[in-house]
Amino acid sequence: MKSQVLDRTNPLTQIVHGRKLSYLGPGGLTVRTATFPIRDIHPSHYGRICPIGTSEGINVGLIGSLAIHARIGRWGSLESPFYQISERSKGAQMLYLSPGRDEYYMVAAGNSLALNQGIQEEQVVPARYRQEFLTIAWEQVQLRSIFAFQYFSIGASLIPFIEHNDANRALMSSNMQRQAVPLSQSEKCIVGTGLEGQAALDSGALAIAEHEGKIFYTDTDKILLSGNGDTLRIPLVMYQRSNKKYLYASKTPGSAG
1 MKSQVLDRTN PLTQIVHGRK LSYLGPGGLT VRTATFPIRD IHPSHYGRIC
51 PIGTSEGINV GLIGSLAIHA RIGRWGSLES PFYQISERSK GAQMLYLSPG
101 RDEYYMVAAG NSLALNQGIQ EEQVVPARYR QEFLTIAWEQ VQLRSIFAFQ
151 YFSIGASLIP FIEHNDANRA LMSSNMQRQA VPLSQSEKCI VGTGLEGQAA
201 LDSGALAIAE HEGKIFYTDT DKILLSGNGD TLRIPLVMYQ RSNKKYLYAS
251 KTPGSAG
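Taking UniProt numbering, the leading residue of the sequence shown gets 1, the next gets one more, and so forth.
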């Protein structure tokens, strides 16, 4: 994929743009040679590439987004986390699997996403095994998902009740969030999924202190915080121009204290 200027329309756009995947570029495919099977969803995308977050138009299926819990493994492959269920240990051990390795495990799906070990699991649960969906006993389950939204990208995971929406509408709303103009006075959404705060922290648009403390001085340029016997200086962004010709300016949380 060719280098691009970071899209800074809003904080969500910054983090989503950095997690893009592309079949195009040097050594890749072209729009004309990409057939429908290449653009379609593959079972190996499960938990690694979002099935919703893709481009519209001629690039559909060729531009994708990383799932929120996916990571790049040692050998460059995308890995997805699962909880390994063992009869010997009561706790659940996290396991990262690359494409192809999860086919050898019985992976619980659907309503078997509860992480609380004290909950009585159902006797029969839906599971995925070798690219097929089966109904097996709970004792046969070897892996289970760690989070209900781990199969979606950051943009898609911010859509409330996405499981009740049409896939085409979810795709459009996921892309439209990145077109929103930032507000001069940010407000908390009335209905959300609970991931808005984490997305804001990971976007890099917020000033985060390394440790807790007490603010004893604030102005338009910096925040001075005292704690752990040290004084921490947190710089603020003031009147900075973005790539989309928007104005970026940080706001202090309030008065000292």
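Cβ coordinates follow ideal geometry from the N, Cα and C atoms, glycine included.
When only Cα atoms are considered, leucine 183 and asparagine 10 end up about 9 Å apart.
Around the beta-carbon of aspartate 221, fewer than 16 other beta-carbon atoms lie within 10 Å, marking it exposed. DSSP, read as helix, strand or coil, puts methionine 94 in strand.
If you look at phenylalanine 82, you'll find it in the beta strand (DSSP E) that goes 78-84.
DSSP places proline 99 outside both helix and strand once states are collapsed to three, so it counts as coil. With fewer than 16 other CB atoms across the displayed protein chains lying within 10 angstroms of its CB, arginine 130 is exposed.
8 Å or more divides the Cβ of threonine 54 from the Cβ of glycine 47. For glutamine 240, DSSP records a beta bridge to Tyr248. Here leucine 62 carries a coil assignment [DSSP, helix/strand/coil].
Scanning the stretch 113-200 from its first residue to its last, the whole alpha helix (DSSP H) runs of 4-plus residues come out as 154-157 and 167-176. Within 10 angstroms of the beta-carbon of cysteine 189 lie fewer than 16 other beta-carbons, which makes it exposed.
Counting the other CB atoms within 10 Å of its CB gives tyrosine 239 a total below 16, which places it among the exposed residues.
Taking a contact as a CB-CB distance under 8 Å, the pair alanine 207 and serine 250 counts as one, their CB atoms being some 6 Å apart. Leucine 78 has its alpha-carbon roughly 13 Å from the corresponding atom of leucine 95. The residue among Val31, Ser153, Arg144 and Leu232 with its C-alpha nearest the C-alpha of histidine 45 is Ser153. Leucine 195 and threonine 33 have their C-alpha atoms spaced approximately 38 Å apart. Inclusion of glycine 227 and histidine 211 in the CB contact set at 8 Å is warranted, their separation being smaller than that value. Under the three-pair Cβ rule at 8 Å, the stretch 143-153 counts as touching the stretch 58-73.
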